[in-house]
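One structure is given below, encoded as structure tokens.
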Amino acid sequence: MSGLEALPPWAALVVSLLLLLGGGIVVIGALGLMRLPHFYQRIHGPAITTTLGAGCLLVASMVLFSSLQSRPVIHELLISAFILLTAPVVAMMIMRAAVYRDLRGRRRGRGGPQGEVYRLPED
Amino acid sequence: MNSLLGFSLGFVFVCVIIAMLFSTVRLLIGPSAQDRILALDTLWMCAMLLSLVQGMRFGNPLYFEAALLIVLIGFVSTVALAKFLMRGEVIE
């Protein structure tokens, strides 16, 4: 906690609100990853963690260090830009792998957990 | 106001730890390999957020470089694992 006492009150309020929002969103995304029943529903859970939760925490970090050092500190924008570029790529790669594996498992008709690709199974 | 900031920093630290626990549960019980890759990707992202939050707690901007490295390596490893699932080899 070095230097956090020199923070102006408005910056402390903004950073606290962003931190609380981001922490809640991160937990909600991971809870969706753990609780949802099928893979094609589970892949929607971490998306909110990587975009909105990480975005809130990165903006909070930017505001905190900018007001601590009395100059604009925006190098967190690097992480933001990288996440916004790579999150769709990662989701697309994992989804393509899952669809390919499900279709291949259904075609061979044996082995492995077979998911329904185009409609959800009733259970 | 500083007590509010301290409470928020502790709260978000605990939140990221709980998210890592949830991802670890999915990583262990995941019925298929793509579930495990998805959980591992979420674990990388939570590790990046943990490093960022530690940097904010200690007021040290050096943790930012660790976060940047973690997110870079996480992206590369997730893409390599997904490619391995789809093709059976990483570099074709």
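Protein sequence lines correspond, in order, to chains A and B.
Going by our numbering, 612 is the number at position 112 of the first sequence; the sequence numbering is gapless.
Going by our numbering, 5 is the number at position 7 of the second sequence; the sequence numbering is gapless.
Cβ coordinates follow ideal geometry from the N, Cα and C atoms, glycine included.
Please read all numbers here as calculations on a predicted model, not as lab measurements.
For V559/A, the closest Cβ of chain B is not nearer than 9 Å. The Cβ atoms of M54/B and L7/B sit closer than 9 Å to each other. With a threshold of 16 other beta carbon atoms within 10 Å, Q541/A falls short and is exposed.
Those residues of the region 34 to 49 of chain B placed with their C-beta closer than 8 Å to a C-beta in chain A are I35, L36, A37, D39, T40, M43, C44, M46, L47, ordered along the chain. Within the region 549 to 598 of chain A, the runs of alpha helix (DSSP H) at least 4 residues long that lie entirely inside it are, in chain order, 554 to 569. The three-state reading of DSSP puts P508/A in coil, since its state is none of H, G, I, E or B.
The beta carbon of G555/A sits closer than 7 Å to those of S580, all from its chain and outside the five residues before and after it, given in chain order. In the pairwise beta carbon analysis, the region 556 to 563 of chain A is classified as not touching the region 527 to 535 of chain A: fewer than three pairs are separated by under 8 Å.
For D39/B, the closest alpha carbon among the candidates I594/A, F582/A, R601/A, A512/A is that of I594/A.
Against chain B, the CB of S570/A has no partner CB under 9 Å away; the residue lies outside that interface. For the pair A64/B and Q569/A, the Cα-to-Cα distance works out to about 20 Å. Looking from the CA of L521/A, the closest CA among S21/B, V74/B, C13/B, G72/B belongs to C13/B. Here DSSP, grouped into helix, strand and coil, assigns L536/A to coil. A direct Cα-to-Cα measurement between M592/A and V573/A gives close to 32 Å.
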